[in-house]
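Encoded as structure tokens, the structure appears first; notes follow it.
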Amino acid sequence: MKPIDANAKRAALTRTQLFQALDPADIDLILARTTVRRIARGDVVLRRGDPNGGMVVIMAGRVRVSVISEDGKEVTLSVLGLGEVLGEMSLLDGEPCSADVTAQEDCTVLVIERSQFLNLLRSNAALCLHLMTLLTRRLRRANAALEDMALLDLPSRLGRLLARLATDYGVPVRSGTRIEVKLSQKDLSTLVGASREKVNKQIRQWEEDGVLAKDSGRMVVCDSRALAPLH
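If you use the numbering used here, the sequence shown closes out at 242, no skipped numbers anywhere.
The following block contains the structure:
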């Protein structure tokens with residue numbers, strides 16, 4: 012398998028908002044302490060309860076973050092892709108991983124050693140601020156999801172989710188915006204807190220109304236105005 016060269020690893024780090032504040036010398040310092048992992052689709056990237064192994068930067072592919080509920084059901088928390096990071100909470104507090112992370116497609120990731128990164132945080136105020144911004148953004152997203160669960164009906168929750176996915180992972184196609192991340196109806200149902208049957212019924216209704224369509228197994232938002240009032 013072809014090795015990942017230093018330029019590709021450097022580009023992966025500088026692509027993330029977290030590391031954009033770093034000087035080239037700091038980037039090189041981190042790169043000297045990184046390892047590359049390739050994870051096949053369906054394999055585990057991080058497992059809940061495992062000891063902290065450092066911060067993970069996604070170079071290619073997408074992953075699903077999930078937990079198992081008390082009744083044994085898998086609940087999808089988020090989907091993360093190119094340039095996003097994992098393990099930042101455990102990196103800071105040294106606690107075990109708080110969720111399972113599984114590759115949705117073949118992935119390449121960079122793993123950054125915890126001790127090296129903590130040393131860099133102690134000497135780099137800009138990096139600390141960027142890390143706080145990242146954590147705050149994720150907390151806001153989690154709070155918004157909880158608010159949606161409590162206050163909105165299913166069409167509104169599902170519409171907001173699809174609109175967010177189209178914004179984060181959408182590409183223009185002739186019929187609208189195709190969501191490149193592929194989520195099963197089980198994933199969608201856990202993200203919006205509803206049964207698969209109800210999610211399937213709502214999606215079919217939107218397809219009949221011309222709001223959604225399918226393209227090579229991916230969902231396409233055909234009428235964004237129908238979802239616009241929902242986000």
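C-beta atoms are modelled at their ideal positions from N, C-alpha and C, and glycine is treated no differently.
Keep in mind the model is a prediction, meaning the values are calculated, not measured.
- In this structure, the straight-line span from the alpha carbon of GLY228 to that of VAL192 is close to 10 Å.
- DSSP lists THR45 and MET66 as the beta-bridge partner residues of ILE123.
- With respect to the 8 Å criterion, THR188 and SER235 are classified as neighbours on the basis of their beta carbons.
- Boundaries for ILE15: no alpha helix (DSSP H) harbours it, and the DSSP string shows neither H nor E there.
- When only Cα atoms are considered, GLU124 and LEU102 end up about 9 Å apart.
- Here VAL74 is buried: its Cβ has 16 or more other Cβ atoms, across all protein chains shown, within 10 Å.
- Going by C-alpha positions, ARG215 is about 35 Å away from ARG59.
- Relative to the Cα of MET143, the nearest Cα in the group GLU99, VAL231, SER206 and GLU81 belongs to GLU99.
- By the neighbour-count criterion, in which a residue is buried when 16 or more other Cβ atoms sit within 10 angstroms of its Cβ, ARG185 is exposed.
- In this structure, DSSP gives GLY181 an extended state, which the three-state scheme calls strand.
- CA-CA distance, SER167 to VAL122, rounds to 37 Å.
- Look at SER227 here: in three-state DSSP terms it is coil, with no helix or strand label.
- Closest by C-alpha distance to ASP179, out of LEU157, LEU29, LEU91 and ASP37, is LEU91.
- Distances from the CA of ALA51 to each of THR113, LEU157 and VAL78 were compared; the closest alpha carbon is that of THR113.
- Its chain contains VAL203, ALA205, LYS209, VAL210 and GLN213 as the residues whose beta carbon lies nearer than 8 Å to that of LEU165, once the 5 sequence neighbours on both sides are disregarded; these appear in chain order.
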